[in-house]
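Protein chains: 2
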Amino acid sequence: MPEELGVAAGLVRLTFLVQSVYAEVCREHGLTPPQAQLLCVVTDAPRRMSDLVPTMRLEKSSLTGLVDRVERKGWVRRVASPEDGRAVTVELTASGRRLAETFRAQATDRLNEMVACMPPDVCTTFASIADRIVSEHAVPAVFPDAS
Amino acid sequence: MPEELGVAAGLVRLTFLVQSVYAEVCREHGLTPPQAQLLCVVTDAPRRMSDLVPTMRLEKSSLTGLVDRVERKGWVRRVASPEDGRAVTVELTASGRRLAETFRAQATDRLNEMVACMPPDVCTTFASIADRIVSEHAVPAVFPDAS
DNA sequence: CAGTATTGTTCGTAGTGCGAACCATACTAG
DNA sequence: CTAGTATGGTTCGCACTACGAACAATACTG
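These protein sequences, in sequence, are chains A and B. Residue 146 is where the first sequence ends in numbering that gives the first Met the number 0, and the numbering goes up by one at each step. Residue 146 is where the second sequence ends in numbering that gives the first Met the number 0, and the numbering goes up by one at each step.
This is how it looks when you write it as structure tokens:
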């Protein structure tokens, strides 16, 4: 009986918790998690489909469907690439940008207050270790830094 | 421009990473993440549907469907409760138990090696902080401790 | 210019998750 | 005891997710 969970169990449970919070914020904005992720990823700059595939870790057919639905909601737009006649880039519309921004802000708030039960220095330690793991594994920027 | 990400961004990316690893292990065992989670949750003891609803944070209709599919694969069994004529408990079959055990072991290995890029003391620190967050928020045991 | 590689889409399939409606059993009050 | 209510689960319809195979169109290469 470990008085403390192993790293693995802690990671899985922490992930479960973050997912819950993330999904809840999504809901409040009429988004699903994959849709929110798409908005976050194209916030910084328009991205090609072929570029989004490795970033979001989806098959291309899955991505087509996701972009279809998000485009139908008017948050994103497909633009033909001038350099490559086959390629398509995905960019935010004005309303998509507003939504992405408020979503990002609120998700950030919720997650910050989630860890705020700990003293600030512990938070900082935690954040830097998380960053270390993440950068060690080349995790794509699925959530933007502060605006 | 933060030279380090905020806690929120770190959490989201870490979650993305863990999800990727978890999903990959699931795939190798012919499982989906919700199915694996169900197996993990009923590993320790049979559980009632009504008990699984808050644990897995699903609506009861979603849970019905999930249990249907997992039962159809032969990994889980519905048993009528003797005390309450309305209630049903979900328990592992023999093959379900074997599957749950090998899945758990492999997921644990993969997650451990994911953090093994850091020195052991950092891992320990990280694990204890993760535990702290998790227990502060009453996250259900969606992943069992060592067998 | 022919052959090949890349970029996206379409289609079919299985699974996920929700809410509303519903049934059966349990509980509770008169 | 019996009506009314609460609880435990299922069913149904819906939208969404994700995959792989097949395909079309454009780009590249020999």
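Note that CB positions come from ideal geometry on N, CA and C, so glycine has one too. Source: prediction; values computed, not measured.
Taken through DSSP and simplified to helix, strand or coil, B:VAL138 comes out as coil. B:ALA129 and B:VAL66 have their alpha carbons spaced roughly 30 Å apart. Note: B:VAL6 is not bridge-paired with any residue in the DSSP secondary-structure output. Scanning its chain for C-beta atoms nearer than 8 Å, with the 5 sequence neighbours on each side dropped, one finds around A:ARG12 the residues LEU4, in chain order. Rounded to whole angstroms, B:GLN36 and A:PHE15 show a C-alpha spacing of 10 Å. Only GLN18, SER19, TYR21 from the region 18 to 33 of chain A bring a Cβ to less than 8 Å from some Cβ of chain B. A:VAL89 places its beta carbon less than 8 Å from that of A:LEU51. For B:LEU4, a Cβ of chain A is located within less than 8 Å of the residue's own Cβ. In the same chain as A:CYS122, and ignoring 5 residues on each side of it, the C-beta atoms closer than 8 Å to its own belong to VAL114, ALA115, in chain order.
Only residues of its own chain outside the window of five on either side were considered, and among them PHE102, GLN105, ALA106, ARG109 have a CB closer than 7 Å to the CB of A:VAL24, listed in chain order.
B:ARG47 is bridged by DSSP to B:THR88. In this structure, the alpha-carbon of B:GLY29 lies about 21 Å from that of B:ARG77. The beta carbon of B:ALA99 lies closer than 6 Å to those of LEU38, THR42 in the same chain, with the five residues before and after it left out. Judged by DSSP in its simplified three-state form, A:VAL66 adopts helix. It is roughly 22 Å from the alpha-carbon of A:VAL133 to the alpha-carbon of A:GLN34. Here B:PRO143 is buried. Its C-beta has 16 or more other C-beta atoms within 10 Å. When the alpha-carbon of B:LEU91 is set against those of B:LYS59, B:PHE125, B:ARG56, B:ARG47, the nearest one is in B:ARG47.
At least one CB of chain A lies nearer than 8 Å to the CB of B:ARG56.
In the DSSP secondary-structure assignment, B:ALA79 is bridged to B:VAL87. Note that the C-beta distance between B:VAL6 and A:ASN111 is below 8 Å. At a cut-off of 8 Å between beta carbons, A:GLY64 makes no contact with chain B.
A:ALA93 counts as exposed, since fewer than 16 other beta carbons sit within 10 angstroms of its beta carbon. With a cutoff of 8 Å on beta-carbon distance, A:VAL40 and A:VAL141 are scored as near each other. Judged by their CB atoms, A:VAL17 and B:LEU62 are not nearer to each other than the 8 Å cut-off. Per DSSP, reduced to three states, the secondary structure at B:THR31 is coil, with no helix or strand assignment. DSSP places A:GLU112 inside the alpha helix (DSSP H), whose first and last residues are 93 to 114.
Only those residues of the region 124 to 135 of chain B whose C-beta falls short of 8 Å from the nearest C-beta of chain A are listed: THR124, PHE125, ALA126, SER127, ILE128, ALA129, ASP130, ARG131, ILE132, VAL133, GLU135.
Taking the Cα positions, B:ALA8 is about 15 Å away from A:MET55. Judged by beta-carbon spacing, B:SER49 lies beyond the 8 Å limit of B:ALA79, meaning their Cβ atoms are not closer than that value.
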